[in-house]
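*Asks:* Take this structure, written in structure tokens, and hold onto it; I'll ask about it next.
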Amino acid sequence: MVSANTAGTIRVTAAQDGEQIITLSEDGATVVKQVEYIGLESWSKLVTTEIQFTGEAATPLATIMVTIPDAKVSQSTTVTDTGSWTVIVPTAVLTAGNYYAYVAVAEGDTFGNSIPVAYFTVLDDQSLSWQTWVFLGTSLLTIIALLSAITLQLGYNSKYHPVL
Numbered sequence: 001m002v003s004a005n006t007a008g009t010i011r012v013t014a015a016q017d018g019e020q021i022i023t024l025s026e027d028g029a030t031v032v033k034q035v036e037y038i039g040l041e042s043w044s045k046l047v048t049t050e051i052q053f054t055g056e057a058a059t060p061l062a063t064i065m066v067t068i069p070d071a072k073v074s075q076s077t078t079v080t081d082t083g084s085w086t087v088i089v090p091t092a093v094l095t096a097g098n099y100y101a102y103v104a105v106a107e108g109d110t111f112g113n114s115i116p117v118a119y120f121t122v123l124d125d126q127s128l129s130w131q132t133w134v135f136l137g138t139s140l141l142t143i144i145a146l147l148s149a150i151t152l153q154l155g156y157n158s159k160y161h162p163v164l
């Protein structure tokens, strides 16, 4: 967690399909995978991976700007009356690579200095979906069963119905 003057306590996490997977910090490279499960067309699925920036105890109604300069990503939000704020950056907008994330705060029109809040690496990853593995497994078993049946039939034919 990082504390900035009016941004409050900042927490940066990575989440997949809404479940937190990693807490990111400004001092270590954390790997975040953008996973795409590939399979039969109707079952192909891109897992939603996102970087979540949240703050607590921030100055109400201040503007928070989250930037990831290397990806040309900038998003802003306004702090709620309770002092909390959230900015979500989907990893789909980030190509594979290393990134620093910064937060700046504005009370009015001028933003203060940006502070580094996270350093992370995004990897593209593809994996076969479980449905594809089931399809491949059943296809393989079917082929083996057919070859076994053909072999047995040829053995039977050569024993009881020899060709002259």
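Position 29, counted from 1, in the sequence shown is what my numbering calls 29; the numbers after and before it change by one each time, with no gaps. Glycine is no exception: its CB is placed at the ideal position from the N, C-alpha and C atoms. Note that the coordinates shown come from a computational prediction; the quantities given were computed from them, not determined experimentally.
Would DSSP call Leu94 helix, strand or coil?
*Replies:* Correct three-state label for Leu94: coil.
*Asks:* Go ahead and pull the three-state DSSP assignment for Ala118.
*Replies:* Three-state DSSP puts Ala118 in a strand.
*Asks:* In whole angstroms, what is the alpha-carbon distance linking Ile150 and Ala96?
*Replies:* Approximately 49 Å between the Cα atoms of the pair.
*Asks:* Please state the DSSP three-state secondary structure of Ala149.
*Replies:* It is helical.
*Asks:* Tell me, please, which residues DSSP counts as bridged to Glu107.
*Replies:* Bridge partners of Glu107: none, in fact.
*Asks:* I need the straight-line Cα distance from Ile88 to Gly108, nearest angstrom please.
*Replies:* Approximately 23 Å between the Cα atoms of the pair.
*Asks:* Between Val81 and Val105, what straight-line distance do the alpha-carbon atoms span, to the nearest angstrom?
*Replies:* Per the sequence shown, residue 81 should be read as Asp rather than Val. Each residue's alpha carbon lies about 16 Å from the other.
*Asks:* Run through the DSSP bridge pairs and tell me what Leu140 is partnered with.
*Replies:* DSSP lists no partner for Leu140.
*Asks:* Are Tyr100 and Pro116 touching if we call contact CB-CB under 8 Å?
*Replies:* For Tyr100 and Pro116, yes; Cβs fall inside 8 Å.
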